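Written below as structure tokens is the structure these notes are about.
As structure tokens, this is what we get:
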């Protein structure tokens with residue numbers, strides 16, 4: 197029953213502390229909810245100060261959780277060795293055959309126990325093989341992407357693209373190479389490697405310039421219609437709003453009103469690519 201004596205006015209600080217505590221607790225786990233919480237915190241801090249107090253603590257916890265879960269997901273899969281075991285009395289006692297019905301029950305129980313054991317072992321076996329396959333595909337796709345510097349999203353090498361196109365396309369290509377629901381380990385370093393040949397990774401651009409400067413076909417290729425939380429998916433929201441007006445910068449006022457961010461926010465292509473990648477992972481979680 198609600199506490200009728202509680203005054204809810206001016207309790208923003210208390211609510212913030214409760215929310216932060218809940219997020220911090222989730223981020224200490226290796227669960228899907230822990231992944232989502234960590235990605236949400238990181239993505240939601242885009243363009244916002246995280247240099248002090250509770251926000252700094254959440255950022256640190258989120259970074260640690262993202263790295264920990266990423267590494268945990270990609271531990272080498274161990275294929276279990278298993279073989280049929282002798283059928284034993286499921287009661288753990290010496291079987292005493294009293295009559296035909298007792299024998300029949302014991303045989304059925306033992307057979308069912310064996311079937312269940314085999315099914316469980318087979319599931320472990322197939323899960324391990326599936327993980328091995330995902331690890332191998334992710335490794336090979338990532339290696340090809342980093343060596344070739346070729347964007348399948350744009351259909352051209354990254355070094356030939358504009359700063360905006362390179363940032364968003366390299367991010368989407370890296371996301372497409374990701375086989376798990378957690379981020380790639382050291383994904384920011386991978387994005388830096390992809391953008392470095394273009395000599396664009398360190399030159400800051402405004403958010404408005406980056407989004408409005410995207411090639412129309414690329415913008416369409418990377419767009420997501422699942423942007424239901426603009427404050428934690430600001431870049432996807434910006435791309436969606438820009439696409440709705442077919443380019444230009446008239447999307448900016450609505451973006452600023454909804455997200456609380458300035459379209460004049462200055463970011464390097466590396467920072468934009470990392471944010472877009474995190475948001476893509478987060479959307480994967482939200483859609484799953």
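In the working numbering, the protein residues as written are 197 to 484. All C-beta atoms, glycine included, are put in the ideal place defined by N, C-alpha and C. Nothing here was measured: the structure is a model prediction, and the numbers come from that model.
Collapsed DSSP secondary structure at residue i in the structure displayed
| i | result |
| --- | --- |
| residue 435 | helix |
| residue 210 | helix |
| residue 303 | helix |
| residue 445 | coil |
| residue 272 | coil |
| residue 421 | coil |
| residue 244 | coil |
Residue range of the alpha helix (DSSP H) that includes residue i
| i | result |
| --- | --- |
| residue 469 | 465 to 483 |
| residue 426 | First-last for residue 426: undefined, no H or E at that position. |
| residue 237 | 228 to 240 |
| residue 154 | Absent from the structure is residue 154, since the part of the chain shown begins at 197 and ends at 484. |
| residue 449 | 448 to 455 |
| residue 146 | Nothing can be reported for residue 146, as the shown portion of the chain is limited to 197 through 484. |
| residue 386 | 383 to 391 |
Which listed residue (the options) has its alpha carbon closest to that of residue i
| i | options | result |
| --- | --- | --- |
| residue 459 | 402, 439, 217 | 402 |
| residue 410 | 387, 444, 382, 335 | 444 |
| residue 244 | 471, 480, 482 | 471 |
| residue 416 | 262, 221, 439 | 439 |
| residue 446 | 477, 466, 456, 407 | 407 |
| residue 390 | 365, 399, 207 | 365 |
| residue 253 | 315, 308, 220 | 220 |
| residue 476 | 239, 333, 404 | 239 |
| residue 398 | 467, 375, 379, 419 | 467 |
| residue 473 | 379, 224, 232, 225 | 379 |
| residue 154 | 258, 370, 431 | No answer is possible for residue 154: the residues shown for the chain start at 197 and end at 484. |
C-alpha distance - residue i paired with residue j, whole-angstrom precision
| i | j | result |
| --- | --- | --- |
| residue 272 | residue 328 | 7 Å |
| residue 456 | residue 462 | 15 Å |
| residue 234 | residue 367 | 19 Å |
| residue 388 | residue 428 | 23 Å |
| residue 442 | residue 413 | 11 Å |
| residue 465 | residue 360 | 7 Å |
| residue 449 | residue 425 | 17 Å |
| residue 433 | residue 372 | 20 Å |
Identified DSSP bridge partners for residue i
| i | result |
| --- | --- |
| residue 352 | 347 |
| residue 401 | 463 |
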